[in-house]
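Colleague: If you're matching positions, the sequence shown starts at 1 in the UniProt record's numbering and goes up one per residue. Ideal placement from N, C-alpha and C gives every residue a C-beta, glycine not left out. Let me begin by handing over the structure; questions about it come next.
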Amino acid sequence: MLERKEQPTTSAPFKFKELKVYNSTEYLWGNHKKYRQVFDRYETAYIYAELSVFNKRFDESDWSLRVNLKCYRVREKEKSEVCSLTVDKEVSKFDAVVHLREGWGNQKKGTFWKAGTYFWEAYIDGQRVGSKYFYIIQSQNGPPDADDNPGPGKPRICDDYLELTSVKLYEGPYDDVTVDDRVYLKAFASQDTRYVYLELEFRNKQTEYPWQLELFTKFVNESRELKGHIARLQQVDAGQEIIKLTAGWGAANPNLWRENAYTADIIFLDSLLVSVPFTVGDEAQPGFPSVVLPGKKRGMILNPEVEQDATFEDIMVRLDALIGLQEVKQQLRDHAVYIQFQQLRQERGFAMDTGIEVHSVFSGNPGTGKTTVARMMGKLYKKMGLLSRGHTVVADRVDLVGEYIGQTAPKTREVIESARGGVLFIDEAYALARSNDDGKDFGREVIEILVKEMSNGAGDLAVVVAGYTEEMKRFLDSNTGLKSRFKHHFEFRNFLPQELSRIADYAARQLGVTPTLEAKALIDETITLAFRNRDRTFGNARYVHDLLEKAKVQMALRLMRSDESGVSHSNDALSTIELQDVVAIKSVLKAERPAIPVNEQLLKAALAELDELVGMENVKGQLHELVRLVRYYRKTGRDVLNAFHLHTVLVGNPGTGKTTIARILALLYSALGILERGHIIETDRQGLVAGYVGQTAEKTAKVIEKAIGGVLFIDEAYALTQTKTSQRGDFGDEAIQTLLKRMEDQRGQFYVCVAGYPDNMDSFLKANPGLSSRFDKILRFEDYSPAQLSEIADRMFRQQKAQLTPSARTHLTRYLEFLYKFRDAYFGNARTVRQLVIDIMRRHDLRKAEQASTTGKGGTLRILKVDVEHLKLDTKELSIQRKRIGF
Numbered sequence: 001m002l003e004r005k006e007q008p009t010t011s012a013p014f015k016f017k018e019l020k021v022y023n024s025t026e027y028l029w030g031n032h033k034k035y036r037q038v039f040d041r042y043e044t045a046y047i048y049a050e051l052s053v054f055n056k057r058f059d060e061s062d063w064s065l066r067v068n069l070k071c072y073r074v075r076e077k078e079k080s081e082v083c084s085l086t087v088d089k090e091v092s093k094f095d096a097v098v099h100l101r102e103g104w105g106n107q108k109k110g111t112f113w114k115a116g117t118y119f120w121e122a123y124i125d126g127q128r129v130g131s132k133y134f135y136i137i138q139s140q141n142g143p144p145d146a147d148d149n150p151g152p153g154k155p156r157i158c159d160d161y162l163e164l165t166s167v168k169l170y171e172g173p174y175d176d177v178t179v180d181d182r183v184y185l186k187a188f189a190s191q192d193t194r195y196v197y198l199e200l201e202f203r204n205k206q207t208e209y210p211w212q213l214e215l216f217t218k219f220v221n222e223s224r225e226l227k228g229h230i231a232r233l234q235q236v237d238a239g240q241e242i243i244k245l246t247a248g249w250g251a252a253n254p255n256l257w258r259e260n261a262y263t264a265d266i267i268f269l270d271s272l273l274v275s276v277p278f279t280v281g282d283e284a285q286p287g288f289p290s291v292v293l294p295g296k297k298r299g300m301i302l303n304p305e306v307e308q309d310a311t312f313e314d315i316m317v318r319l320d321a322l323i324g325l326q327e328v329k330q331q332l333r334d335h336a337v338y339i340q341f342q343q344l345r346q347e348r349g350f351a352m353d354t355g356i357e358v359h360s361v362f363s364g365n366p367g368t369g370k371t372t373v374a375r376m377m378g379k380l381y382k383k384m385g386l387l388s389r390g391h392t393v394v395a396d397r398v399d400l401v402g403e404y405i406g407q408t409a410p411k412t413r414e415v416i417e418s419a420r421g422g423v424l425f426i427d428e429a430y431a432l433a434r435s436n437d438d439g440k441d442f443g444r445e446v447i448e449i450l451v452k453e454m455s456n457g458a459g460d461l462a463v464v465v466a467g468y469t470e471e472m473k474r475f476l477d478s479n480t481g482l483k484s485r486f487k488h489h490f491e492f493r494n495f496l497p498q499e500l501s502r503i504a505d506y507a508a509r510q511l512g513v514t515p516t517l518e519a520k521a522l523i524d525e526t527i528t529l530a531f532r533n534r535d536r537t538f539g540n541a542r543y544v545h546d547l548l549e550k551a552k553v554q555m556a557l558r559l560m561r562s563d564e565s566g567v568s569h570s571n572d573a574l575s576t577i578e579l580q581d582v583v584a585i586k587s588v589l590k591a592e593r594p595a596i597p598v599n600e601q602l603l604k605a606a607l608a609e610l611d612e613l614v615g616m617e618n619v620k621g622q623l624h625e626l627v628r629l630v631r632y633y634r635k636t637g638r639d640v641l642n643a644f645h646l647h648t649v650l651v652g653n654p655g656t657g658k659t660t661i662a663r664i665l666a667l668l669y670s671a672l673g674i675l676e677r678g679h680i681i682e683t684d685r686q687g688l689v690a691g692y693v694g695q696t697a698e699k700t701a702k703v704i705e706k707a708i709g710g711v712l713f714i715d716e717a718y719a720l721t722q723t724k725t726s727q728r729g730d731f732g733d734e735a736i737q738t739l740l741k742r743m744e745d746q747r748g749q750f751y752v753c754v755a756g757y758p759d760n761m762d763s764f765l766k767a768n769p770g771l772s773s774r775f776d777k778i779l780r781f782e783d784y785s786p787a788q789l790s791e792i793a794d795r796m797f798r799q800q801k802a803q804l805t806p807s808a809r810t811h812l813t814r815y816l817e818f819l820y821k822f823r824d825a826y827f828g829n830a831r832t833v834r835q836l837v838i839d840i841m842r843r844h845d846l847r848k849a850e851q852a853s854t855t856g857k858g859g860t861l862r863i864l865k866v867d868v869e870h871l872k873l874d875t876k877e878l879s880i881q882r883k884r885i886g887f
């Protein structure tokens, strides 16, 4: 838990600055203390709170301040008061910042404070201004011996909690990089380095109880000048054996790190854990740093993933550290033990009926950890001598199936060779065996090649196929040789709510945010509700990560509304998700990008065009929120380009403005600098789906390439999932597979807007499990009301320089009310109004043509009642009327 602040009224002579916690009375440079949030029970006598406020009467007058500091202990969401301290302080006009420090406890360490969660609250003149959580942890080894003298270096109490097992360095952007994309370095390039990250791994020696781990990382240069400082607070769960975390410091743009020798010092419980030296020079050097442990004179490399010295149990411990997956982990452990048994029999000379089987089927819903376990399996097989490299290559239908006749076989063999020595993981493998009877489908050719490779290929390869349970059963039945080649079946069940809650904690740490107790409770409640309402498309871990990301966006919106400059917000406030952020959920930064400023003129024009539209107030509100959020990002110095994930679904009946809004979206993204180009590519099923086998993926890819840097708008997108029995084979699914992969692989480089009618779009999003999880926003367009339809008609007539007489206006208004009342699937909203206006203008022109006199050029045309009388308020003529005006 982090700091929460509440500002007093503007008439108060102060402004809240910060509330901090510490337990050492030692003063540091700049009047600072050794601020912390985690304290060991047996090293703690007193816990102090430091309240600091800005003096708004600085250099003007002296004044008095009354402060009440209260400390509470939290147990099972209930709090009990520990102490209440009231202090009166005379504030000098010469003090720009006022500090007040008070503490509570007992002079004998370990006697007063018990293990648990606490927080200080500060009140000024009876009004709460801030709070700060802190944690008392206790070693399961009990208090240190009275005669124990740890001597210089880190105290013994530090060793009771954890053991450092791995230290790595890598470079990345502000929002870090995934594990698979990390390139570990021991030296960095000054021209390219943005953030220098440490990846730390510990063995948890305090496994009986959960506890809080607080690490401080200080980056210093060769002269021991402080370059950067970062704190990490992370809960360690009971039974958790491996602790992993990252800490990085730098800037979004390169050139912050000058050529020099640097050291990263890692501190826990006020004790130095390790010093990590590294250099910044002309070129980056891959490898692992030589670290220095306290009390050691020589450096050493800590990296347990250099597998030469890793044991079988080391690898299994990493597998066991994964959240959930108990059945899969036990099954994999049993599988590994049986392989060891088979290897033992081979060493003793026993004859083997068959070779050791390594090919597997992973079945389960999205986000259940199938890819993660496949990577662990590769490492395990390498350790056991079954694979030479142990890496994992992830592929799907798009990667294996060729675009034309004769291309599939070489394409598939190329992927197989790239996976040789490791694991070939084929996601959504059932897409290779479509249910239609199209014998020319190239997916079947891939299956035949795989069967042959697994039967009598070169070996040194483990094939893992994954997908939904029912679909995978049909996949195995599609070829007689498949079932016999896959001996191992792993079922990945949905994560339980308590497991999803732990995943949410992990996702929050990844996003650099911490929910309050109330916010975390609502997140868990939301997760539980989603679990109860789950269907086969439930995203599990992917859903949880998406939920936390949306909460972070709402946190930014809230802070931006209170202070657009962001100057008054503390670091804790910028990383704390409040309850209201989770409630407000309605529906992050890439590598260095061009700095594109806001085009104010284009933005003004786009917003004016948006505001000019009739109705759709909810859509307008969301787009105005987006504009304010981007301005907030820029004012706080954060990167904007590609920082937003805005794949959007536009749902509404015909003529409700979906295409218009899509074009305005492209203008807004261009004006705000969210996209590099900001153009829009409009297409539909015909533009994506080819007329013969193998061409669809290539055709779809070409359209996507045109949209890179802009918006791809797919009208009537549901047509991609609608098949007809008379067709030889529908290729819309191939277009969707290609689109989904590019949306994920190039997320942020282009945005996809899909539009269609409500019922059809609901079916479209459910047609493929990956669709609903890829789209971040859903904009719903309601039918226009009769009053709005009349306003649209008036605007269209004004564009034609025409004006309705009162009687004509009355009749048209009544007719629009009639159309709205009896509207059905043919009702076209604004499109209907446009057709009506065109028809009325045509009748007006015919009437004027028959008259001898004509209106002078440039005059306003008068629309009489006779020009609209053909619009009958009769339901019997409604279908005929529709046909006549071209619906």
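1) Does the beta-carbon distance from residue 280 to residue 188 come in below 8 angstroms?
2) Taking the continuous beta strand (DSSP E) assigned at residue 144, which residues delimit it?
3) To the nearest angstrom, how far is the alpha carbon of residue 233 from that of residue 481?
4) Might you give, ordered along the chain, the residues of its own chain that have their beta carbon closer than 6 angstroms to the beta carbon of residue 325, omitting 5 neighbours on each side?
5) Which residues in the same chain as residue 823 place their Cβ atom closer than 8 angstroms to its Cβ, once the five residues preceding and following it in sequence are excluded?
6) Using DSSP with H/G/I as helix, E/B as strand and the rest coil, what is residue 289?
7) Identify, in the order they occur along the chain, each residue of the same chain with its Cβ nearer than 7 angstroms to the Cβ of residue 20, setting aside the five sequence neighbours on each side.
8) For the pair the region 164 to 175 and the region 196 to 206, tell me if three or more CB-CB distances fall below 8 angstroms.
9) Buried or exposed, going by whether 16 or more other CB atoms sit within 10 Å of the CB of residue 161?
10) Could you check which residue in 871, 576, 29 has the C-alpha nearest to that of residue 226?
11) Would you call the CB atoms of residue 89 and residue 65 closer than 8 angstroms?
12) Exposed or buried, what is residue 103 when buried is set at 16 or more other beta-carbons lying within 10 Å of its beta-carbon?
13) Using a threshold of 8 angstroms, state whether the C-beta atoms of residue 41 and residue 137 are closer than that.
14) Determine which residues share a DSSP beta bridge with residue 70 and list them.
15) Taking the alpha-carbon of residue 623 as reference, which of 668, 579, 686 has the nearest alpha-carbon?
16) Excluding five sequence neighbours on each side, which residues of the same chain lie with their C-beta closer than 8 angstroms to the C-beta of residue 235?
17) Which same chain residues end up closer than 6 angstroms to residue 684 when comparing Cβ atoms and leaving out the 5 residues on each side of it in sequence?
18) Return the chain-ordered list of same chain residues with a C-beta closer than 7 angstroms to the C-beta of residue 876, the five sequence neighbours on each side being excluded.
19) In this structure, does DSSP put residue 348 in helix, strand or coil?
20) Report the option in 215, 228, 208 whose CA atom is closest to the CA atom of residue 194.
21) Going by DSSP in three states, residue 758 sits in which element: helix, strand or coil?
22) Should residue 755 and residue 721 be called a contact, given that it needs their Cβ atoms to be closer than 8 angstroms?
23) Once DSSP output is grouped into helix, strand and coil, what is the label at residue 528?
24) So the candidates are 107, 762, 705, 696; which of them puts its Cα closest to the Cα of residue 682?
25) Quick check on residue 155: does DSSP put it in helix, strand or coil?
26) Whose C-alpha, out of 443, 466, 615, is nearest the C-alpha of residue 427?
27) Whose C-beta lies closer than 6 angstroms to the C-beta of residue 447 among residues of the same chain, with five residues either side of it excluded?
28) So, residue 541 versus residue 503, is the Cβ gap smaller than 8 angstroms?
29) Residue 559 to residue 647, Cα distance in whole Å?
30) Quick one: Cα of residue 772 to Cα of residue 690, how far?
31) Quick check on this structure: which residue in 866, 269, 203 has the alpha carbon closest to the alpha carbon of residue 244?
32) Quick check on residue 713: buried or exposed, where buried means 16 or more other Cβ atoms within 10 Å of its Cβ?
33) Tell me whether residue 300 sits in a helix, a strand or coil according to DSSP, three-state version.
34) What residue from 417, 570, 401 has the CA that sits closest to residue 731's CA?
35) Between which two residues does the alpha helix (DSSP H) carrying residue 480 extend?
36) Quick check on residue 75: buried or exposed, where buried means 16 or more other Cβ atoms within 10 Å of its Cβ?
Modeller: In brief:
1) yes
2) It is not in any beta strand (DSSP E) - residue 144 carries neither H nor E in the DSSP assignment.
3) For residue 233 and residue 481, the distance between alpha carbons rounds to 52 angstroms.
4) 369
5) 783
6) coil
7) 35, 50, 132
8) yes
9) buried
10) 29
11) yes
12) buried
13) yes
14) 84, 121
15) 668
16) 210, 211, 212, 213, 505, listed in sequence order.
17) 715, 716
18) none
19) coil
20) The option with the nearest alpha carbon to residue 194 is 228.
21) Residue 758: helix per DSSP, three-state reduction.
22) Contact flag unset, no.
23) helix
24) 705
25) Confidence in residue 155 is poor, its pLDDT being 49 and thus under 50, which makes the residue's placement unreliable; the coordinate value appears in the next sentence. Residue 155 falls in the coil class under three-state DSSP.
26) 466
27) 432, 479
28) yes
29) 24 angstroms
30) 24 angstroms
31) 203
32) buried
33) strand
34) Per the Cα distances, 401.
35) 480 to 485
36) exposed
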